[in-house]
Structures are given as C-alpha cells and as structure tokens.
Amino acid sequence: MWSYIIRRLIYYIPVYLGVILMVMAILRIQDPVAIHLGKNATPEKIAVTKKAFGLDKPFITQYATFLKKLVTFDFTEQSWDFPGVTVGSMIRRSIVPSLSITVPALILTTILSICVGMISAYYRGRTVDKTLVFFAVLGMCISVLVYIILGQYFGAYLIYKETGHELFAIQGYEPGLQYWAHYCLLPVMISVIVAMGYDTRFYRAVMVEETGRDYIKTARAKGVTKRKVMFVHMLKNAMIPIVTQVMITLPFLITGSIVLEMYFGIPGMGRALIMAVNAKDFPVIQAFTAVFAALFIITIILTDVLYALVDPRIRLS
Amino acid sequence: MNKTQHTPSVKWLARTLHIAAVLALLACSSCSRIDEEGKVLRLPLRADDPKSLDPVQGSTVYDNKATCQVYETLVQYKYLIRPPELEPLLLSEMPTISEDRLTYHFKLKPGVLFHDDPCFPDGKGRELVTDDVFYSWKRMADNGNNPKSWWLLKDTIKGFDEYREQQNAAVEAQTGSFDYDAPVAGMQKINDHEFRVILKQPVQRFMWVLAMFQTAIVPREAVEKYGDRFGRHPVGTGPFTLAEEDWRPGQRMVFYKNPSYHPCYYPTEHMPSDVAAGWTKDAGKRLPLVDRLEFQFFVQDQPMWLSFRTGKIDYTQVPDEYFDEAFLKRTKQLRPKLVREGITTQNVELLDFIFRGFNMEDELLGGYGEKQKKLRQAISLAIDLDEFNEAFYSGINTVYDGPIPPGLEGFPPDGKADVSYRGPNLERARQLLAEAGYPEGKGLPRIEFYTSSGRNNVEQTELLKRQLGKINVEINAQIVEFSTLIEKVHNKKAPFFGFAWGSDYPDAENNLALFYSPNAAPGSNSFNYSRPEYDRLYEQIRSMPPSPERTELYIKMRDMVIEDTPYTGSMGRTRFYLINPWLKNFKVTEDFYNWPKYLDVTQRGVYPSEN
Numbered sequence: 001m002w003s004y005i006i007r008r009l010i011y012y013i014p015v016y017l018g019v020i021l022m023v024m025a026i027l028r029i030q031d032p033v034a035i036h037l038g039k040n041a042t043p044e045k046i047a048v049t050k051k052a053f054g055l056d057k058p059f060i061t062q063y064a065t066f067l068k069k070l071v072t073f074d075f076t077e078q079s080w081d082f083p084g085v086t087v088g089s090m091i092r093r094s095i096v097p098s099l100s101i102t103v104p105a106l107i108l109t110t111i112l113s114i115c116v117g118m119i120s121a122y123y124r125g126r127t128v129d130k131t132l133v134f135f136a137v138l139g140m141c142i143s144v145l146v147y148i149i150l151g152q153y154f155g156a157y158l159i160y161k162e163t164g165h166e167l168f169a170i171q172g173y174e175p176g177l178q179y180w181a182h183y184c185l186l187p188v189m190i191s192v193i194v195a196m197g198y199d200t201r202f203y204r205a206v207m208v209e210e211t212g213r214d215y216i217k218t219a220r221a222k223g224v225t226k227r228k229v230m231f232v233h234m235l236k237n238a239m240i241p242i243v244t245q246v247m248i249t250l251p252f253l254i255t256g257s258i259v260l261e262m263y264f265g266i267p268g269m270g271r272a273l274i275m276a277v278n279a280k281d282f283p284v285i286q287a288f289t290a291v292f293a294a295l296f297i298i299t300i301i302l303t304d305v306l307y308a309l310v311d312p313r314i315r316l317s
Numbered sequence: 001m002n003k004t005q006h007t008p009s010v011k012w013l014a015r016t017l018h019i020a021a022v023l024a025l026l027a028c029s030s031c032s033r034i035d036e037e038g039k040v041l042r043l044p045l046r047a048d049d050p051k052s053l054d055p056v057q058g059s060t061v062y063d064n065k066a067t068c069q070v071y072e073t074l075v076q077y078k079y080l081i082r083p084p085e086l087e088p089l090l091l092s093e094m095p096t097i098s099e100d101r102l103t104y105h106f107k108l109k110p111g112v113l114f115h116d117d118p119c120f121p122d123g124k125g126r127e128l129v130t131d132d133v134f135y136s137w138k139r140m141a142d143n144g145n146n147p148k149s150w151w152l153l154k155d156t157i158k159g160f161d162e163y164r165e166q167q168n169a170a171v172e173a174q175t176g177s178f179d180y181d182a183p184v185a186g187m188q189k190i191n192d193h194e195f196r197v198i199l200k201q202p203v204q205r206f207m208w209v210l211a212m213f214q215t216a217i218v219p220r221e222a223v224e225k226y227g228d229r230f231g232r233h234p235v236g237t238g239p240f241t242l243a244e245e246d247w248r249p250g251q252r253m254v255f256y257k258n259p260s261y262h263p264c265y266y267p268t269e270h271m272p273s274d275v276a277a278g279w280t281k282d283a284g285k286r287l288p289l290v291d292r293l294e295f296q297f298f299v300q301d302q303p304m305w306l307s308f309r310t311g312k313i314d315y316t317q318v319p320d321e322y323f324d325e326a327f328l329k330r331t332k333q334l335r336p337k338l339v340r341e342g343i344t345t346q347n348v349e350l351l352d353f354i355f356r357g358f359n360m361e362d363e364l365l366g367g368y369g370e371k372q373k374k375l376r377q378a379i380s381l382a383i384d385l386d387e388f389n390e391a392f393y394s395g396i397n398t399v400y401d402g403p404i405p406p407g408l409e410g411f412p413p414d415g416k417a418d419v420s421y422r423g424p425n426l427e428r429a430r431q432l433l434a435e436a437g438y439p440e441g442k443g444l445p446r447i448e449f450y451t452s453s454g455r456n457n458v459e460q461t462e463l464l465k466r467q468l469g470k471i472n473v474e475i476n477a478q479i480v481e482f483s484t485l486i487e488k489v490h491n492k493k494a495p496f497f498g499f500a501w502g503s504d505y506p507d508a509e510n511n512l513a514l515f516y517s518p519n520a521a522p523g524s525n526s527f528n529y530s531r532p533e534y535d536r537l538y539e540q541i542r543s544m545p546p547s548p549e550r551t552e553l554y555i556k557m558r559d560m561v562i563e564d565t566p567y568t569g570s571m572g573r574t575r576f577y578l579i580n581p582w583l584k585n586f587k588v589t590e591d592f593y594n595w596p597k598y599l600d601v602t603q604r605g606v607y608p609s610e611n
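Here the protein sequences come in this chain order: A and B.
Letter 47 of the first sequence, counting from 1, is numbered 47 in UniProt numbering, and no numbers are missing.
Letter 425 of the second sequence, counting from 1, is numbered 425 in UniProt numbering, and no numbers are missing.
1. Can a CB atom of chain B be found closer than 8 Å to the CB of methionine 275(A)?
2. In chain order, which alpha helix (DSSP H) runs of at least 4 residues are fully inside the region 511–586 of chain B?
3. Can you check whether the C-beta of aspartate 74(A) is within less than 8 Å of a C-beta belonging to chain B?
4. Output, in sequence order along the chain, the residues in the region 464–487 of chain B whose CB is closer than 8 Å to any CB in chain A.
5. When you compare the CB of glutamine 5(B) with every CB in chain A, is at least one pair closer than 8 Å?
6. What do you reckon, are the CB atoms on proline 522(B) and glutamate 448(B) nearer than 8 Å?
7. Measuring alpha carbon to alpha carbon, tell me which residue in Leu306(A), Pro32(A), Lys45(A) is nearest isoleucine 248(A).
8. Assign methionine 1(A) to buried or exposed, taking buried as 16 or more other Cβ atoms, counted over all protein chains shown, within 10 Å of its Cβ.
9. Determine the closest residue to aspartate 507(B) out of Pro545(B), Phe120(B), Lys488(B), with distance taken between C-alpha atoms.
10. Determine whether the beta carbon atoms of glutamate 474(B) and threonine 398(B) lie at a separation below 8 Å.
11. Between which two residues does the beta strand (DSSP E) carrying histidine 105(B) extend?
12. Just to make sure I have the definition right: I need the residues of chain B whose C-beta is within less than 7 Å of the C-beta of methionine 230(A). Which are they?
13. Give me the DSSP bridge partner(s) of arginine 292(B).
14. Tell me which residues share the same chain as aspartate 129(A) and place their Cβ nearer than 6 Å to its Cβ, disregarding the 5 neighbours each side in the sequence.
15. How should serine 29(B) be labelled, buried or exposed, when 16 other C-beta atoms within 10 angstroms of its C-beta is the threshold for buried?
16. Residues of chain B with a CB under 9 Å from the CB of arginine 271(A): which are they?
17. Is there a Cβ of chain A sitting closer than 8 Å to that of lysine 493(B), yes or no?
18. From the DSSP output, in three-state form, read off leucine 55(A) for me.
19. Is it true that the CB of tyrosine 62(B) sits closer than 8 Å to the CB of leucine 45(B)?
20. Report the partner residues of asparagine 347(B) according to the DSSP bridge assignment.
21. Which two residues bound the contiguous alpha helix (DSSP H) that contains glycine 469(B)?
22. Using CA atoms only, rank isn't needed, just tell me which of Val87(A), Phe59(A), Gly54(A), Thr163(A) is closest to leucine 70(A).
23. Considering only DSSP beta bridges, list what lysine 189(B) is partnered with.
24. Starting from asparagine 389(B) and walking both ways along the alpha helix (DSSP H), at which residues does that stretch end?
25. Only counting the same chain, and skipping five residues up and downstream in sequence, which positions put a Cβ closer than 8 Å to that of tyrosine 164(A)?
26. Please determine if the region 57–73 of chain A and the region 199–216 of chain B are in contact, where contact requires at least 3 C-beta pairs separated by less than 8 Å.
27. So aspartate 81(A) contacts chain B; which residues on that side make the cut at Cβ distance below 7 Å?
28. Name the residues in the region 6–28 of chain A whose C-beta lies less than 7 Å from a C-beta of chain B; which are they?
29. Residue range of the alpha helix (DSSP H) that proline 121(B) falls in?
30. Tell me the DSSP bridge mates of glutamate 448(B)?
31. For the alpha helix (DSSP H) holding glutamine 76(B), just list the boundary residues, first then last.
32. Would you kindly work out how many angstroms separate the C-alpha atoms of glycine 231(B) and isoleucine 479(B), rounded to a whole number?
33. Quick check: is the beta carbon of residue 319(A) nearer than 8 Å to any beta carbon in chain B?
34. So what does glutamine 377(B) bridge to, in DSSP terms?
35. For threonine 303(A), which residues of its own chain have a beta-carbon under 8 Å away from its beta-carbon, when the five flanking residues on both sides are left out?
36. So, helix, strand or coil for isoleucine 216(A), using DSSP?
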C-alpha cells in the first residue's frame, strides 16, 4: 500500500510544479506592480516596488524562491492590499469560517441526499420517486443567488421584523460554537438546498444502477427483505461512487462557497481570494492558488488511496 | 404499524427536536450579545475593509473613513457649514500667512495627547509637538512607506522635493537609511508648539491638503515599534481609539471613545436651516458624543439594506436597486411608509465628474485641428446624458457642461455653459461630422471604446452604441477589467474610454489639473490634453487665492476644454441617504469623514409608530 501511495505522490509532484509554473506565469502576463499601484504610479515608483518584492529578478529565480517558500511553509510575505498582514495569517484566519459552513453543509447534504436518493430508488417509477426527482430538478434549476436573496429576506429580515427575534443574522460571523447557529445555519441550509438537487439525482442514479446487479438479485432470491437489500447490501456496494462524490467536494470545503461568503459577510477563503483578485493582491493570489492546488492534489491522492483500499484491483493495475 | 416499529422513529424525532431546541437556544444566546451598554453608533462601510490605517498608505474613501476616527489633521472642515470651510483641529488657531503667501506660521494646540499605548514610556500617550508634524509629513516622502499621497505635497514646500530625492537615493544606493532628522528648508521649528512652513510658490490647495487624512499626525514611537503592523495598530490623537483585536477583517471595526481626547466641542457656527433640522441642539457639548463607534462592512447591497431596515445600522446610502423601494419614482419623495417610521432622508451631490474621454494623441480622434475637433464635438452632441441618467440612475444625477462639478466655483449656472457641445443635438452633430470629413459617418472607421466591466457598464455601452448609431458613428466596445482599462489609458492605447474623477478637495483646481499637460498619462491627465495656453493658466490659478479673478480664469479654462472636447460629459452623482430616527446630528457630507464624533444616538430600534 505504501508503495502505491509513494507512486501516486511521485506522479503528482511534476503536476504540481507545472501548476505552480502556470499560475506564476499567468499572474505575470500583465505587470502586477503597475496594476496594483494604479493610475498615478510613476515608472520610478513601479521600479522601486518591483525591486522591493523581488519581481525584478529572472522568472526562474522567482519560481525557485516561491517553491522554497511553499516547501518550508513560509507564508510570511505581506499582502499588498493590506500592508502589515501576512499571507499566512490571511489563510489561517479564513479557514475556520469557511469550514464552519462547508463541513456541516457537506455532511448534511450527503446524508440527506443519500437518504432521499435511496427512497427515490426504492420507489422507482412511482409517484414518490417522481415527486422527489421533480423537486431535485427544481432545486437545481434555481440559482444559488435566488436562494440567498430569498433566504436573507424571509429567513433573516422578515422573521426579525415580524417577531422581534433575530433567529438568523442577515450577515456577519462570530467565532465560537455558541454563535454558529445564529450566523452560519442559514447559509448552511441554503447550501444544502442548492447541493441536494445535484446529489440526490446522482445518488438515485447510483442506487438504481446497483439494483440491477447480480448480488442484489441473489440476495432477493435468498429471501432478504427489500429494505435490507437496499440499506445494507446495496449501500455498502455503492460506497465507491459515494466516496468519489464526497472526495470531489473536499477541496471546496477549504475554498469555501464564494457567493455565500460574499452575501453573508463570512470572512472565508473564497471571499478572501475573490477580494484579492479584485484588488490585484499579487502575493495573496499566488499563495492561495498554490495552496488550493496542493489541496486538490492531496484530495486526488486520498481518493486514489481510498479506492485502493476499497478495491485492491485498482492498486494492482 | 405496531408499537415496536414506532419506537426508533419517535426517538429520532425526539433527538431531532432536542438538537433544534439547542440550536434555537444557541441562536437566542447570540441574540443577547447584540445589546451592549453605552451609546453606540453603528455605521455601515460599503466596502470589504479599509486597507491600512497608516495615513500615508491610505488612499480610498474607506481608508479615510476609518483613519480619521483615530488620527487628526492640523485643520478640519466645519461640520455644519456649506460650502465647505476650514477651521483649526490640532492647531490652536488658523495659521497666519505672509503677504507673499509663502510663509505659514502654525501654532499647535497645547495639551493634545496621543492615545495611551505601549509604544510610549509607561504606556501613557505623550503630548503632540512640532516634530510629530514634520515627521508625519516626511513619511510621505519615504518610498519605503509605499506612500500613495506624495503628490499632495509635491512641488509645494521649499526643499522638500530635494530632501525626498536625496533620502530615497541614499536608501536606493544603500549608502544610508532614510533620515527623518535631516532638515528641510521649508520646515522650520520655532518651539514644540510653533513652526513655520515656507512654500516654494504660493499653492492655494495647501490648506485643503492639510485637512486630508493623508497628512494626519502620527507618533514616531508607534511607527518604529509596530513597523509593518503600524497600519493595523493605529495610535493617534483622535476622538476614538482602535485596538488591533477590535478590527475584525471583513467584519467590523469597533472604536472606543478616547478618554483623554483634547477639548473639542460641538460647533455653534451653523447654517440657518440647521436649527429646524435639530442639528444645533448639542452646540457646545464636548466631543465625541458617543461611547463607541462600530463600522460594519458590507460588500453586497442587500445585507446593508436589510440591516438598515431592521435597525442594525443607523443610516444607509440608498443603493441604486433600492431607490424605488425608498422613494416614489415620480416625485423622488420618501415613501410614506418610511416617513411613518420616522426615517428621514438627505442627499448630497458628489464632487463628481463622470465622463467619456478621448485620447488627444490618437491618430483618428486626437489632435487640435478643426477636423478632429469637429469629430469629437459631433460625438459629444450625439450623446444624450439625460437618457443615461434616467435609464441607469433614476434621473437623480446632475448632467452639466465642463469638468467643474456642482458646488464649486466655475460650475456653469444650471449646468449649462455658453460654449456647449452637450447632446442630444443630432442635427448639429451630423453637420459637424460632415464638416469633419465624414458625411453621414462615411469613411469613419469604428472607434475603439474601452470601459470597465463593473456595475452596469455593459448596458450603458449598449445605450452609447445606439445613441452614436443615430449619426452613423460606430464603436467597437471593449469591456475590460478595471486594471486593463487603466493600463490601456496609461499606455495611451485607449482612443475613447469611460472614466470618472472624484475631487480630492472642494476646489475646481483639482479637476482642472486633469488637463494640465505635465500630468499626461500615466498621470491624471488621461486625455493627454496639451495646450500651452491652458498650462500657463493652470500654473497661474494654482497659486491664486479664491477671488472673482480666479473664478474668471476657471471659467476660461473650463470653456477652453469644452471647446476642444477632449471628453464628453459631464455627469455628477447624487447620493441619497436614509437615516433612522434615533440617529442625531447627522448632516450628510462626502467631503470629509471625521463627523462621527458629532453624532449621537437615542434608544435604538424605537420607531415612532411603535411608541
């Protein structure tokens, strides 16, 4: 198993190096210093700033320096947009708010979607199935922005206006479990509603596919109840697609849900990155994209390992 | 179903309800923290975050709004007086100015203390002295501070430009560090509370600059102690203090009343209408009037609007998309429902100059010959700014001739100058187009038009296309990122472009500087307008005090620019505010931002209809 993991790691190292190379090159297509300094920057000022940030050095030197920083987890470079704030502190302080939304949302979405998907598959072709699929498709068709706008209006504003009780915050974030429900529950619910449409259809399809397999027929032939077949035999065998679906989502836990974070004022990773992009905050964009790329690759490796654990044939091939 | 089948479901339901109850309790427990003791102002900041509270590094309105709660300038704007006037803040009196208007004699107010902070011995804030003023200004010259505001003092104080060059050159050549103790000929200390500033030439804007937050006074100890983090750890003399932990990035800033704030009082000087508005009741009271000031950041308009409607914030700007919700479309009157709730409204015309500029160095559109001039004039005459105003701004903006915004000397009466090439006048536009050598637009290539992709610029560009299409002028719209737009304009690659300029101080000189040839791109003269006669006039007005003669020159320069048409325009935005009934003394302005110290609050959340 270890050799398999090492093989995967070695395989992805050049991929990661390539990704970093590409990110760095793209970020330098336009002069980042001139863009950051804006309208009134003099050539003298641009030159001084470039030198201060080491951007006057050859590209390959900059590449090597940045890789060294990544390997040594050196994120002490300062944000251009927020002088005095290091990239590392921006990453650290935005991880928890992102996770406060995405982790509960993923767990709830997965559990609910699997349940609904199984119920739908169980009643395949019947009214229950059709109704659930109808709502899943409906849920998918509506933009997340609509849910957010309606959620904020009805869930936060109207409840408070009508009852005087502020069940959910219109926007904002406070660290600490005691504030979680107030600030995060509404965005989590919206996130679950949005994601459930896609996931329910996916899990339903997985379950339906499984119902046609031989082991299901055998189990039924042996007299196992339909419910047991579904919830024990089938669920166990459907784990690979379920794991895949969950693992694919994992990197997004860190990047957060950009739109939700923007509208609910949650200072997460997605929002931090978008703000950095808007402000042309070069060091932040560079570091965030490198971290995100690393997380994606780690997730892919983890997924491969999980597959290999579940099905040894994958390892051998 | 039998009983045994029910049991797990019932347990599950009970657990679910239990969890829900816990969550609801948690939610309510967080509600209770909303109410705090003391008088608290809760104000919105329509941005993600200020970038830095270091005055020399700030440049945006949001930096300004936050910085000037903590730091102070030598002079400030009079709160209730319009048009704007200056008064002493850190000074004991306004400076005396020599007859040749080159020498300014300043006297600092005694007993002004910096905030208590560990950077000082025993943590007690020391008194502000002359050296602090010179040190703070010299920081603007230090390239190591990445200052964005050097232009404010450039070519102004005797020997300062030379000092800047020498010091930065020494740093660059690694032969020394930036020496803040090195003398500047024009900065003369008399004693700890008096100093003289000698200018290179009379510069009228100098006093306005001294009211700008970039020239606020900082203590050297704090800068040296906090280094890179100084912008996050402000230590000023202002009415409020801000601890690092009270600045929650992307969330809010919580300022506390400065207990050792120097004596400052609510003004007695006011406009006649201020009495009826209730803005004179607190005259003579010691400032600040509240215990705490919270700025809440809003990136999106809906949360800001809903927060205002739930009373979470004390006032709000009215976002464009909520204009109809707040006002009756036809009369622009506040909706009766809001009036019943005790909400009031105020509006302010920004010193705004929204325009579409031509690159005067462009082969097709630029130049000063009759042909090119007539082409630009024809384009200008084909554009109907009133239609833009109605379609995109509910008709609330001010459309006017020339680059001088409403409220400043040189603004034409009713916005209409004698020389005018403002449309729509299609007949004249067609005639000028023909005289330019393009009858019915024949032979005129497509014009490259650059604008940024923000807000509703795509829709605005469509309207522009349609309007210009009426005289057969076609544009090739390039909707680009703002950074790309700046780059194109900087490099003189944008023949026709959409831009805006907000005045830094209430003097039209600031806007007229946009056409001064030494400011050509990448400077603020994005048009690359270059007329020696205009330059001479600009150099003349730069040093003139306000007078009818200066206003005459402003008008002359304005009309010269209108005639040459290096841009089409103009439009100035009007910003509408809604104010909750418990917020007192709020007199809207967009010229300065240290006014929270004048504000007061009564019981929050109590609307008249609920009494």
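Note that the Cβ used here is the ideal one computed from N, Cα and C, for glycine as well.
Here's the rundown:
1. With its beta carbon less than 8 Å from one in chain B, methionine 275(A) belongs to the interface.
2. With a minimum length of 4 residues, the continuous alpha helix (DSSP H) runs that stay inside the region 511–586 of chain B are 532–542, 548–564.
3. No, aspartate 74(A) lies away from the interface with chain B (no Cβ there is under 8 Å from its Cβ).
4. Flagged, chain order: Ser483, Thr484, Ile486, Glu487.
5. Caution applies to glutamine 5(B), whose pLDDT of 40 falls short of 50 and renders its modelled position unreliable; the model cannot decide the point.
6. The answer is no: Cβ separation not under 8 Å.
7. Nearest of Leu306(A), Pro32(A), Lys45(A) to isoleucine 248(A), Cα basis: Leu306(A).
8. Its Cβ having fewer than 16 others within 10 Å, methionine 1(A) is exposed.
9. A check of alpha carbon separations from aspartate 507(B) across Pro545(B), Phe120(B), Lys488(B) identifies Pro545(B) as the nearest.
10. Going by C-beta atoms, glutamate 474(B) is not nearer than 8 Å to threonine 398(B).
11. Start and end: 103–107.
12. Result: empty, since nearest Cβ-Cβ is about 17 Å, beyond 7 Å.
13. Arginine 292(B) pairs with Val40(B), Tyr256(B).
14. If you ignore the 5 residues before and after aspartate 129(A), its C-beta comes within less than 6 Å of the C-beta of Ser120, Tyr123, all in its own chain and listed in chain order.
15. Because serine 29(B) carries a pLDDT of 44, less than 50, the predicted location of this residue cannot be relied on, and the following value inherits that uncertainty. Counting Cβ neighbours within 10 Å, serine 29(B) comes out exposed, since fewer than 16 surround it.
16. Residues of chain B passing the Cβ test: Asp48, Gly250, Val299.
17. Output row for lysine 493(B): interface = no.
18. In the structure shown, leucine 55(A) sits in coil (DSSP, three-state: anything other than H, G, I, E or B).
19. In this structure, tyrosine 62(B) lies closer than 8 Å to leucine 45(B) by Cβ.
20. Beta-bridge annotation (DSSP): asparagine 347(B) is paired with Phe576(B).
21. Element bounds for glycine 469(B): 457–469.
22. The candidate whose alpha carbon is nearest that of leucine 70(A) is Val87(A).
23. Note: lysine 189(B) is bridge-paired with Phe195(B) in the DSSP secondary-structure output.
24. 385–393 is the span of the alpha helix (DSSP H), which, as asked, contains asparagine 389(B).
25. A small correction: the amino acid at residue 164(A) is glycine; tyrosine does not occupy that position in the sequence shown. Within its own chain, no residue has a Cβ closer than 8 Å to the Cβ of glycine 164(A) once the five positions on either side in sequence are excluded.
26. Not touching, per the Cβ criterion.
27. From the beta-carbon of aspartate 81(A), the residues of chain B found nearer than 7 Å are Lys51.
28. Hits within the stretch: zero.
29. Segment: none, proline 121(B) is in no alpha helix (DSSP H) and carries neither H nor E.
30. Bridge pairing for glutamate 448(B): Asn476(B) [DSSP].
31. In the DSSP assignment, glutamine 76(B) falls outside any alpha helix (DSSP H) and within the unbroken beta strand (DSSP E) covering 75–77.
32. Their Cα atoms are separated by approximately 35 Å.
33. Residue coverage of chain A in this structure runs from 1 to 317, which leaves residue 319(A) outside it and unanswerable.
34. Looking at the DSSP output, glutamine 377(B) shares a beta bridge with no other residue.
35. Val243, Thr244, Met247, Ile248.
36. Residue state, collapsed to three classes: helix.
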